[in-house]
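For reference, the structure is listed below as structure tokens.
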Amino acid sequence: MEPSSNFTENQLLLSSAQLQEQLDQQKALASVIVRIRESLDLETIFQTTVTQVRQLLNADRVAVFQFDHEKDWEGEFVSEDVALGWDSALAIKVYDHCFGEQFASSYQQGRVQAVADIYKAGLSDCHVAFLRKFQVQANLVVPLSRQKELWGLLCIHQCSEARDWKESEIEFIRQIADHLVVAIQQAQHLHEVQLQAVELAQAAQRDQVIAQIVDEIRSPLDIETIFKTTTQEIRQLLQADRVAIFSFNDDWSGNFVAESFTEGWIPLVDVQPAIADTYLQQTQGGRYANNQAFTVNDIYQAGLTNCHVTLLEQFQAKAFATAPILQGDQLWGVIAAYQNTSPRQWQSYEVESLSKIGTQIGVAVRHHKLLTYAQYQAEQQKTLTSVITRIRESLDLDTIFQTTVTEARKMLQADRVTVFRFDPQKNWEGEFISEDVVPECNSVIAEKVYDYCFGENFAPLYAQGRINAIADIYQEKFPGCYVQILEKFQVRANMIAPLLKKGELWGLLCIHQCNAPRHWQPSEIEFASQIAEQLGVALKQDSYLKQVQMQVVQLAEATEREKAMERQELLAATIDKIRQSLDIKTIFRTTTHAVRELLEVERVAIYRFNSDWSGKFVADSFKDGWKPVLQAQPMIIETFEDTDDDNELPRNETFVPIREGEKLWGLLVAYQNSQPRYWKEEEINLLAQVGVQLGIAIQQAELLEQTKRQTLELTQALQELKQTQTRLIQGEKMAGLGQLLAGVAHEINNPVSFIFGNLIHLNEYTQELLKVVKLYRQNSSLSPTFQQQIDKTDLDFLIEDLPKTLESMKVGTERICEIVLSLRNFSRTDEAELKPVDIHEGLDSTLLILGHRLKNNNERPAIEIMKEYATLRLLECYPAQLNQVFMNLLSNSIDALEEKFKTIQQRYLNLSQRCPKIPLTIWITTQAINNQIVIRIADNGLGIPEEVRSHMFDPFFTTKAPGKGTGLGLSISHQIIVEKHHGQIKCSSKPGEGTEFLIEIPTDN
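In my numbering, each number is its position in the sequence shown, counted from 1, plus 4.
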């Protein structure tokens, strides 16, 4: 029982290990299947599968091999997972020539090959060598078949040693292969769906691009833009290297007219000469004329002729597809797509797209031709209308001819258009008088032409209005002389239209084509006929115009003569106005206004030079709307070169010089500001005559001004002389008065001194006598006669009154001495030079002299004097003159106070009211301030108005009644203080409050 038990246990263990292994395999299989189903990318599926399988089987390499069905069992490993130390087999091209013979059919039937040891399996030598190349020792190969077609192999390689492959491993790998086949089929289906989607998208894109191209072709763009846009869009649509449009000539040669190509290829437009394809020339378009496309996938394999291949090699093409471009039923050209890099298999839809575009380009070309023709006709009519309009706008025949030939040549695209005029005095001889010619052809202007064949062959026809159109002078049967004349002017084809004036042949309109023959279209002949007819009208108008112009000239001459007479009259009137006035401003104003109206200009101005030849405008007259130039800054006028041709050109201004004697004083300028003007000679002459008269007037005005200036200077000198004379007289008066006062004071002083001296003795004697009389009366022995006489004479009264009388005489004598002293102080005849004096003495002496005016009288109360004297040092001055200033100022203050009293008293009398007390005060103040003696004399009078105060120091200015003042007191006072003492005298006053005079005299005089 024991051995049997062990066997059973071993079987159980083995079964458990197998079950576990199968379970692991199923788990791995499930994991791989999940990974396969998670992705739709075949490479990801393969890589996941080989990685999982190699890890599960612990193999050295697991790889997926794919066959290339276009090659005999050749293929490559497309995915692998390999252990470290073994070579990779990826991307190695594999071809086993034994495979097809030994294994292909088995694998196609789904057979699995499991080789435990390649050296013991009986494999062929070539197969062993093939496996040894990949380091294989044992392998397991499972086919991957898709719809009974062998797609590839799933290979498990053991490289390190031989290996017995278990049935479970083989089954596991088979299941993995089945799922890989499903994934390959799914991927194939997905790829096919994606290809179909791409094809559908490409088809939709192609249809959209073609529709867009068709819209652009049909849009109103110029044909070159259509060609350019079409070639670019088609090249991008077909992914070709070049797309070009080829246009046929009449001989079936042609040129590329548009192209679009990728970078690196040479252009064909405007580079290749005219291309001549002999086949197309012989067959007149070949298959293209039958609206058939032509494609070549490889120019070297298509059986083309050598000349055709050579031509295509010049285009750098290796494959091409072409489609015809039909203009109606006629072949116009070809649209071609070229592949230059390599041959190309052209698809049917590509050729179909190219044909559709070719058809649309044909429609666009036809529309362009019709539009061009319509535009050409419209341009003809427009040019004709323009020429007619210009003929009607201009009256100058030369301008009409030049305009006509220029417009006609541009319209007809001819080489030369000229106007030929016959000389009526010579038999059909004439010359070209106007032309427009291309630079490549010679000019025929002023060429004398005499064609003796003309009169015989052409003159009668041209006189009937016939037009001669020659396509090629060498193809027509013309006389040799006529051909020689045309050859002389390089003419190959020409069209001649007669120019008739009043039914007679006046000349010819000649249109020349010099470089090649030309077939003249009927519309062009009709156009030339209409132009010639309009030129005939212009010739007729010119004839009428000349007659009218002659009449106009005659009328203008008569009008001009009348205007000249009017101008002379106006000039005379202007000169008379200038001479009537001597005021320079009035002269300028009158002259500028008169000249502006005379010349009918917008502005006339007078410009005056300074000494440095700069200057300014001093007068101007201008029309409404223009600004004056008088406020302009001084300017410098550029030097004008005096040439005889100046007046032949239009200018905005003209000017003439104004001379003051021989000196250039300024300019008389006439302006036409709105536009340039041709100045006539008579206008400039008239302006020059006015300029001469202005110069004379300025001279006269200058002389008058000089006379006025001299008169003013003499008047001022006379006034100053009078002032000086008055001052001298006043000074002499004051000096005489001073001497008189000094003499009177001296004469009075002697007797007064005698009286004053004797009064002392008289007083002593009287006292002695009175003492004697007193003693005598005390004596009782007086006789009755004495007693009677004493009683009769009232001796007591005499004794009492006599001392008083003597005292009164003494006081009077002292007063006379003070007055004499004041007179001597005031006059100071012995102090004419600068001397240091006490200012206060001069002030007090003046007040003493004016004492009688300060006292009350019947007319007013006394004037109060308020003195505020500071302590002053002696002042060096002219004492007598300074006392005169004090006298003048104090006298004026007294006058002002008396006037105040009278005014106020009269006011109350008029009101019948009692007049209150009126204070009358004079303040005299002295100070020493900053090395100056300041003296203020103020009063509380009525004050001085400002208009009077500003003139009070002027000579002879007075507000007093006649006879009460000379007007020189304050003027002399100002002169004494300012000029003699280098000081200042000021007056400040407020009306109704009073006046103050302030005197400042420097102490260092």
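Where a beta carbon is used, it is the ideal one built from N, C-alpha and C, also for glycine. Note that the coordinates shown come from a computational prediction; the quantities given were computed from them, not determined experimentally.
- Using a 10 angstroms sphere on the CB of Tyr123, the tally of other CB atoms stays under 16, which defines it as exposed.
- In its chain, beyond the 5 residues on either side, Ile794, Leu799 have a beta carbon closer than 8 Å to the beta carbon of Arg781.
- In the DSSP assignment, Ser895 falls within the alpha helix (DSSP H) that extends over 883–914.
- With a cutoff of 7 Å on beta-carbon distance, Gly434 and Arg425 are scored as near each other.
- By the criterion of a C-beta distance shorter than 6 Å, Phe659 is surrounded in its chain by Leu671, Val673, once the five residues flanking it on both sides are discounted.
- The C-alpha of Cys159 is placed about 7 Å away from the C-alpha of Asn143.
- Going by C-alpha positions, Pro995 is about 14 Å away from Ile908.
- Leaving aside the five residues that flank Gln139 on each side, the residues in its chain whose CB is nearer than 7 Å to its CB run, in chain order, Trp90, Asp91, Cys163.
- Looking at the DSSP output, Arg940 sits in a beta bridge with Thr929, Leu1002.
- Inclusion of Arg246 and Tyr342 in the CB contact set at 7 Å is warranted, their separation being smaller than that value.
- Between Phe1001 and Ile941, the C-beta spacing is below 7 Å.
- Residue state for Asn259 is assigned as strand, using DSSP reduced to three classes.
- According to DSSP, residue pairing for Ala327 in a beta bridge involves Ile339.
- Going by C-alpha positions, Leu876 is about 37 Å away from Ile764.
- Counting along the chain, Phe462 sits inside no beta strand (DSSP E), nor does DSSP assign it H or E at all.
- Collapsing the DSSP output to three states places Asn143 in a strand.
- Counting C-beta atoms within 10 angstroms of its own C-beta, Val442 has fewer than 16 neighbours from the protein chains shown and is therefore classed as exposed.
- Under the criterion of beta carbons closer than 8 Å, Thr578 and Leu603 do not qualify as touching, at roughly 11 Å.
- Here the region 526–535 makes contact with the region 409–416; the two share three or more CB pairs at distances below 8 Å.
- Annotation for Phe134: the continuous alpha helix (DSSP H) segment containing it runs 129–137.
- Straight-line measurement puts the Cα of Asn656 at about 5 Å from the Cα of Gln676.
- Comparing alpha carbon positions, the residue from Ile989, Lys589, Asp842, Ile474 closest to Asn892 is Ile989.
- Judged by DSSP secondary structure, Leu490 falls within the alpha helix (DSSP H) whose first and last residues are 484–492.
- With respect to Ser359, Ala327 sits close: the two C-beta atoms are nearer than 7 Å.
- Beyond the five residues adjoining it in sequence on each side, Trp630 comes within less than 8 Å, by CB distance, of Glu606, Arg607, Asn677 in the same chain, given in chain order.
- DSSP places Lys170 in no beta strand (DSSP E); its state is neither H nor E.
- DSSP, read as helix, strand or coil, puts Glu84 in strand.
- Relative to the Cα of Gln417, the nearest Cα in the group Glu868, Trp524, Val622 belongs to Trp524.
- In the DSSP assignment, Phe405 falls within the unbroken alpha helix (DSSP H) covering 401–416.
- Going by C-alpha positions, Lys778 is about 32 Å away from Ser757.
- Taking every protein chain shown into account, the CB of Gly332 has fewer than 16 other CB atoms within 10 angstroms, so this residue is exposed.
- For Thr345, same chain residues with a beta-carbon under 8 Å away, outside a window of 5 residues either side, are Asp245, Lys322 in chain order.
- Put simply, of Glu528, Glu237, Val495 the residue whose alpha carbon is nearest the alpha carbon of Cys518 is Val495.
- In this structure, Leu509 and Asn498 do not form a Cβ contact; the two beta carbons are roughly 17 Å apart against a cut-off of 8 Å.
- Boundaries of the alpha helix (DSSP H) around Glu845: 843–853.
- Rounded to whole angstroms, the gap between the alpha carbons of Asn310 and Phe252 is 22 Å.
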